[in-house]
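Accompanying notes for the structure given below.
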Amino acid sequence: MPTTNVSPQKQPKGKPSKRVAKRAGRAPAGFKTLVEPLTKRRVVRARARSGVEVWVAPMPGYRKSYAMMTTRYGSMDTHLPDGEELPDGIAHFLEHKMFQTPEGDVFDLYAARGASANAFTTFTHTSYLFSATSRFEENLITLLETMDDIHADDPGVEREKGIIGQELAMYEDDAGWRGYFGLLQALYRRHPVRIDIGGTAASIAPIDPAILQRTHAAYYSPANMVLTVSGDVDPARVLALVDQVTGTRRRGHHNRRRAAEEPKGVAQREVRTKLSISRPQVLLGLKDRPGRGPQGRVRRRIQGAILFEILFGDGGRIQAPLYHQGLVDDSLSGGYEAEHDYAFGLVSAEVDQIEPYRKALLAALRAAARDGPTDAEVERCRRRFIGRHLRVFNQPESTAHWMLALALEGVEPGAAVDALRSATAAGLRRHLRELVSAPRAWSILEPR
Amino acid sequence: MATATRARDVPVTRTIAPGVRLHLLRTNRFTTSYCRVALHRDLGAEATSTAILAQVLQSATRRHPTREALGHRLGDLYGAALHVGVGKLGDRQLLVGALDWPTAHVPRAGRMLAQGLELLREVWSDPLRTTVGGAEALDPDIVEREKVNHIRGLRGMTNDKAGFALRSCLASVCRNEPYGLDAQGREADVAGVSAVDLATLHRDLIRRSPIEIFLVGDLGLRDATAAIRKHLLWSGRATRMRGVPPVGSVRAARARPRRIVKDDAVTQGKLVFGFRAPIRGGTAPGVAAETLAGVLGGGSYGRLFRVVREEHGLCYYASAGWHRPKGLMLVQTGVDAANEPAARRLILKLAREVAGGALEASALDAYRKDVAHRIDALRDSPRAMVGWLQERMALGLHESPDAYLDQVRRVTPAAVRRVGSRLALDTTFYLRPEGA
């Protein structure tokens, strides 16, 4: 299952149970041991003195170690805690500038040690990461130190506007990106998820070192950060290094977002964009309600994911007939996304003719909602998700991203599997009926 | 740095039947097993029909005669991921069918290995067939549908602007060479493909093509060989295999570089440079040429990133890559149309400097460490390791990853200068925003 599709479980209180401890071995001092139920793999979690949440997945025998430091600050955070409005795209801009230090570019430090470093910004968080097959501890110290401060001067900020301007221009020509944000702008009237993560050339123009400093001070404090580490590493050493580097920092606050006020209806029923593409691309969005609380949210997210897999997965209820009719090809896909204050289902396809496809898709959705999924479909889908979930543990990267999703959601490793097991055909049918009658919007890309 | 090789990380290769080699990577680290079957053939007149054949094979089998049935079987195998497709390895086309599926941590896991291999055999050797005019044919409905989808796919390749610019430059650099053709073939050839042709092509390919099988899983060579023979290998294999051309062939750049400009309704221009040198892959000069490309644009330590992006702020990405089997280097970037002349001049200047042996010690060191990291990390990724092995074996190279790494470490600036003196610009391709 996708790393974001984690499901809830009650947070265990106190020490792990004897059963868990026996399976997983003793947790290093300061850590709580958690066990992934299918593979019985051990994950440990701790809170560093500074407030950083630390997750480690020991993966004996792996050459590569992977570490990711994440702040719960993303493009949806449009204001500072004191109410100051931030320019669109500043979270992403800050991500770019965090690599600059008084001694030079942090990329150089990683490269000199043979490590590979990167960063990315999402709606809800910004992550900095490296992978290394040697000198893990030195690289981890660099990662932790980099988060401490931002070193932005006017010439550097202005030069970065040129680089980011080219990044934005690249996405301007990216059909997948344009279609997706076109859909979000059609679905949402006020919710900040409708804002492009990178902003625009105009929105980043006023960014200066001072506002970057204020934003960093507000959102890059230890209590707002999560470190996830996977590989053949010693959890106790990881925690010791986090304490050593971040121990004296101001703890700060966990960024708890308030739900955005978003009307039930959509902003526009349809958005059309002309682009240099070979044939039309059509995206349908179904505006759903998110589940309540971490557990309810994850349960609903799992349900949504199962539904879209049953309908649009390979050989799926809707995919197969549309494919046979030649209305779609392998480009047809469906998915479900949810955060604490928004959720939507999405169906995307490249098509020859827009209207026959739209008509057929809506008719198929209505028929599926009427009949509902069968027990056999649910069981097959459950198996597919179990297979995907198992693949997560093949790679240090995917394991670290899985832990991050757990941390951001505030749930335990076994919860996803529990939610998957508890999904029923009747529950899925109810959810599908809600989705099919929910406000919907289209994003259509047309060839220029 | 940990470079010592562990016994279980070393792939073992055995010929297990005429024309069939098994490469086993034994490991218990992964939660899934991975098996890739690859047929090598020439990249030429039948490239398009082979690409369509891949799509047809993935659509249905005799036992699972519809896409739904096949999809359901994959679901029953805990979401087994099936991929059948074509790729390009130097002047060869590869027809690849691979399965990634859980063989542990699921109920009745002991049967999963056999079930996955049997499904892979079914997909490879037992497609849905019929007769047309007395001749054996693959299912005509599926063939016609996949021909339409193939044309859609070929046309859709222009949507990825960076990829399109890269392929266009490559087509010019490798004019009249197989490598200049895309692995998916040509739209003009699609109409001539018939269900009968595909049945004939399929029969010939699975009977007479040399087969490479890569298996990553937790089993020893004896068990793996037995499992492959029993559950995967199909009957009716010929004893004499068809020949395949060498993977690599090299030549010098054209006498006068060609500049191609194509206008498109895009926001950002895409600029690609194709350089050539008559340097064979796997040789010491070949490894020096890889170093040249790496120091120029292999990562954040490369001259392109540091100068074109970080110093001048002209682009978001700029990179260089060496195509080992063909002795060619492609350099690519995305730039604003107003900055294209400046970016072009700067990139050519940097390429000349690095080819002249002006290598920053820190960049050379970072490149070596980057290669060491990637080589070491191969062992954590079954697919990456299989891809690496596949190319090396096709090039006739049998050294271990660590031996390759030693070659990289031995490259000197003087060696780079020597290969640089043989490197010349062949083609510049610019996808220009309309109206610029």
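Protein chains in written order, with our numbering: chain A, 12 to 459; chain B, 2 to 437. Glycine included, every Cβ here is placed at the ideal spot set by N, Cα and C. Every value quoted in this text rests on a predicted model; they were computed, and no experiment measured them.
Is DSSP giving residue i helix, strand or coil here?
i: A/R34; result: Legend: pLDDT at A/R34 = 38, less than 50; position of this residue unreliable, no value from coordinates given.
i: B/A111; result: Strictly speaking, residue 111 of chain B in this sequence is Gly, with Ala absent from that position. B/G111 falls in the helix class under three-state DSSP.
i: A/P19; result: Note that A/P19 scores 25 on pLDDT, short of 50, meaning its location in the model is unreliable; the coordinates nonetheless yield the value given after this. Reduced to three states, the DSSP call for A/P19 is coil.
i: B/S382; result: coil
i: A/Y191; result: helix
i: A/D386; result: helix
i: B/G421; result: helix
i: A/N129; result: strand
i: B/G134; result: coil
i: A/A419; result: It should be pointed out that residue 419 of chain A corresponds to Leu in this sequence rather than to Ala. Three-state DSSP puts A/L419 in a helix.
i: B/P342; result: helix
i: A/A452; result: strand
i: B/E361; result: coil
i: A/M181; result: helix
i: B/W389; result: helix
i: A/M80; result: strand
With 8 Å as the threshold, decide whether the Cβ of residue i is near any Cβ in chain A.
i: B/V107; result: yes
i: B/Y317; result: yes
i: B/P438; result: Because chain B in this structure spans residues 2 to 437, residue 438 of chain B falls outside the shown range and cannot be described.
i: B/L120; result: no
i: B/D337; result: yes
i: B/K263; result: no
i: B/K350; result: no
i: B/F31; result: yes
i: B/R418; result: no
i: B/Q185; result: no
i: B/V267; result: yes
For residue i, count the other beta carbons within 10 Å of its own beta carbon; 16 or more makes it buried, fewer makes it exposed. Which is it?
i: A/L373; result: exposed
i: A/T226; result: buried
i: B/T16; result: exposed
i: A/S76; result: buried
i: A/A437; result: exposed
i: A/P166; result: exposed
i: A/M236; result: buried
i: A/R328; result: buried
i: B/R277; result: buried
i: A/M80; result: buried
i: A/R189; result: buried
i: B/V262; result: exposed
Our contact map puts residue i next to residue j with C-beta atoms below 8 Å; I'd like the distance itself, whole angstroms only.
i: A/R53; j: A/V65; result: Actually they are not in contact, since the Cβ atoms of A/R53 and A/V65 sit about 15 Å apart, beyond 8 Å.
i: A/K298; j: A/L198; result: 5 Å
i: A/G223; j: A/W453; result: Strictly speaking, residue 223 of chain A in this sequence is Leu, with Gly absent from that position. Not a contact, Cβ separation roughly 37 Å.
i: A/T82; j: A/H136; result: 6 Å
i: B/A254; j: B/L432; result: That pair is no contact at about 21 Å.
i: A/R201; j: A/E273; result: 6 Å
Using 8 Å as the limit for Cβ to Cβ distance, is residue i near chain B?
i: A/D325; result: yes
i: A/T259; result: no
i: A/R402; result: yes
i: A/F11; result: Residue 11 of chain A cannot be examined here, being either before or after the span of chain A that is shown, 12 to 459.
i: A/D340; result: yes
i: A/F192; result: no
i: A/P407; result: yes
i: A/K43; result: no
i: A/M181; result: yes
i: A/G125; result: yes
i: A/D219; result: no
i: A/Y334; result: yes
Indicate whether at least one CB of chain E lies closer than 8 Å to the CB of residue i.
i: A/L322; result: Of the protein chains in the structure, A and B, none is chain E.
message: Against chain B, which members of the segment 131-156 of chain A pass a CB distance test of less than 9 Å?
response: S142, A143, T144, S145 and R146
message: Can you pull out the residues from the segment 165-178 of chain A whose beta carbon lies closer than 7 Å to at least one beta carbon of chain B?
response: R170, G173, I174, Q177 and E178
field: Residues, ordered as in the chain, of the segment 369-396 of chain A that lie near chain B by beta-carbon distance below 8 Å
entry: R391, C392, R394, R395 and F396
- request: Scan the segment 134-156 of chain B for residues whose Cβ lies nearer than 8 Å to a Cβ of chain A and list them as they occur along the chain.
  value: R146, V149, N150, R153, G154 and R156
Contact set between the segment 74-88 of chain A and chain B, restricted to residues whose Cβ is under 9 Å from the partner: R74 and K75
task: Closer than 7 Å, Cβ to Cβ, to anything on chain B: give me those residues from the segment 223-248 of chain A, in chain order.
output: none
- request: With 9 Å as the C-beta to C-beta threshold (strictly closer), list the residues of the segment 379-390 of chain B near chain A in chain order.
  value: L379, R380, D381, S382 and P383
- prompt: Just by C-beta distance, which residues in the segment 57-78 of chain B are closer than 8 Å to chain A?
  reply: T67, R68, E69, A70, L71, G72, H73, L75, G76, D77 and L78
- request: Scan the segment 349-362 of chain A for residues whose Cβ lies nearer than 9 Å to a Cβ of chain B and list them as they occur along the chain.
  value: E361
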